[in-house]
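Engineer: Just passing along the structure, written as structure tokens.
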Amino acid sequence: MGLESLTAKITDLEIEEVLAEVKQLIASKTAPLEILAACRAGMEGVGKRFEKGEYYVADLMLAGSIFQEVMQILNPVLNSGDSTQVKSSGKVIIATVRDDIHDIGKNLVKSMLAANGFEVIDLGVNVEPEVICREIMQHQPDILALSCLLTSTLDGIEDTIAEVTKQGLRDKVKIIVGGAPVTEKLAADFGADAYGADAYAAVPQCQALLEGKLHA
Ligand code: B12
Numbered sequence: 001m002g003l004e005s006l007t008a009k010i011t012d013l014e015i016e017e018v019l020a021e022v023k024q025l026i027a028s029k030t031a032p033l034e035i036l037a038a039c040r041a042g043m044e045g046v047g048k049r050f051e052k053g054e055y056y057v058a059d060l061m062l063a064g065s066i067f068q069e070v071m072q073i074l075n076p077v078l079n080s081g082d083s084t085q086v087k088s089s090g091k092v093i094i095a096t097v098r099d100d101i102h103d104i105g106k107n108l109v110k111s112m113l114a115a116n117g118f119e120v121i122d123l124g125v126n127v128e129p130e131v132i133c134r135e136i137m138q139h140q141p142d143i144l145a146l147s148c149l150l151t152s153t154l155d156g157i158e159d160t161i162a163e164v165t166k167q168g169l170r171d172k173v174k175i176i177v178g179g180a181p182v183t184e185k186l187a188a189d190f191g192a193d194a195y196g197a198d199a200y201a202a203v204p205q206c207q208a209l210l211e212g213k214l215h216a
């Protein structure tokens, strides 16, 4: 029992044990953010086994569904008021970039933003730059949040920002980017206004964007 054991059990894809441990940790008043961090570390372990050829795509899929089940248990606790509470009322469009179907991190960012008062419009995964621009014109969000999990789809961020600029929308929307292969430097190189390392960073970063404190 404990956070390290939870991480190991996620990496070992032991779904029943994972869910039981998450429930026990919540009951023993472990901070939900720590539980979440342990789960994410477990997913990194899954990724490493996949890289070594010990796990296959089916195992990644199983890991994804385990994480989603964990989130169903954790979401009510995370959103119960002891997470990062920041006053805000901005509108955010969020999407995973073209050719990328990872959505667990995006959904977590969406939940955190929604729990902190943002209106979030979720365009889903594998979203083409042109579709994102069309939705920006329709919904006029304050912020565009882009998620990317594959090195090979980083160009989806670059192309989306280029398309937003080409369509004359760049000064109408602030852009925040995140996801495992994204770094602060890459975000700046791509011309984004902000970078968030995780869903918790996304909240104060978006707040700062609304207040005009961050600029490209
Ligand atoms: C689960 C998983 C899958 C599932 C996804 C299910 C789903 N519904 O999302 C499935 C099976 C579909 C999948 C498929 C593939 N995957 Co995959 N996958 C993973 C895995 C194990 C976990 C990802 C995850 O959900 N993590 C947990 C979440 C909470 O963390 P996160 O996504 O990083 O998000 C956090 C932050 O990054 C940040 N964040 C994310 N987005 C945003 C956005 C903003 C605006 C902000 C501010 C912050 C932010 O906040 C989030 C919460 O804190 C990773 C391993 C890893 N190390 O991440 C590999 C991984 C990402 N996958 C990988 C690969 C190679 C693939 C495939 C190409 C495999 C294949 N051969 O088919 C395909 C690609 C499919 C495609 N076209 O997209 C590689 C990518 C390597 C690379 N650098 O390019 C990884 C790293 C595994 C590895 N080590 O090799 N995968």
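Position one of the sequence shown corresponds to residue 1 (this note's numbering), numbered consecutively onward. Don't be surprised by glycine CBs; every beta carbon is placed ideally from N, CA and C.
(1) Would you tell me roughly how many angstroms separate the C-alpha atoms of glutamate 14 and serine 5, rounded to the nearest one?
(2) In three-state terms, what does DSSP make of lysine 110?
(3) Can you tell me whether lysine 110 is buried or exposed? The criterion is at least 16 other CB atoms within 10 Å of its CB, across all chains shown.
(4) Given a cut-off of 9 Å on the beta-carbon distance, is the pair proline 141 and valine 92 in contact?
(5) Scan the stretch 111 to 150 and note each continuous alpha helix (DSSP H) run of 4 residues or more that stays entirely inside, going in chain order.
(6) Can you tell me whether serine 28 is buried or exposed, with buried defined as 16 or more other CB within 10 angstroms of its CB?
(7) Once the 5 residues before and after alanine 187 are set aside, which same chain residues still bring their CB inside 6 Å of it?
(8) For valine 57, is the classification buried or exposed, using 16 other Cβ atoms within 10 angstroms of its Cβ as the cut-off for buried?
(9) Based on the DSSP secondary-structure assignment, which residues constitute the bridge partners of alanine 194?
(10) Among the residues of its own chain, which have a CB less than 8 Å from the CB of valine 164, if the five just before and after it don't count?
Structural biologist: Looking at the atomic coordinates:
(1) Locating residue 14 in the sequence shown gives position 14, counting from the first residue. Locating residue 5 in the sequence shown gives position 5, counting from the first residue. Rounded to whole angstroms, glutamate 14 to serine 5 spans 11 Å at the Cα level.
(2) Locating residue 110 in the sequence shown gives position 110, counting from the first residue. Reduced to three states, the DSSP call for lysine 110 is helix.
(3) Counted from its first residue, the sequence shown places residue 110 at position 110. Buried, because 16 or more other Cβ atoms sit within 10 Å of the Cβ of lysine 110.
(4) Here residue 141 refers to the residue found at position 141 when the sequence shown is read from its first residue. Here residue 92 refers to the residue found at position 92 when the sequence shown is read from its first residue. With a cutoff of 9 Å on beta-carbon distance, proline 141 and valine 92 are scored as near each other.
(5) 129 to 139
(6) Locating residue 28 in the sequence shown gives position 28, where the first residue counts as 1. The Cβ neighbour count for serine 28, taken over all protein chains shown within 10 Å, is under 16; the residue is labelled exposed.
(7) On the sequence shown, residue 187 is found 187 positions in, with the first residue counted as 1. Apart from sequence neighbours up to five positions away, the residues of its chain that approach alanine 187 with a beta-carbon distance below 6 Å are Val177, Tyr195, ordered along the chain.
(8) Translated into positions along the sequence shown, residue 57 becomes position 57. It counts as exposed.
(9) For the purposes of this step, residue 194 is taken as the residue at position 194 of the sequence shown. In DSSP, alanine 194 forms a bridge with Ile176.
(10) Indexing the sequence shown from 1 puts residue 164 at position 164. Contacts found: Pro129, Ile132, Cys133, Ile136, Leu144, Arg170, Val173, Ile175.
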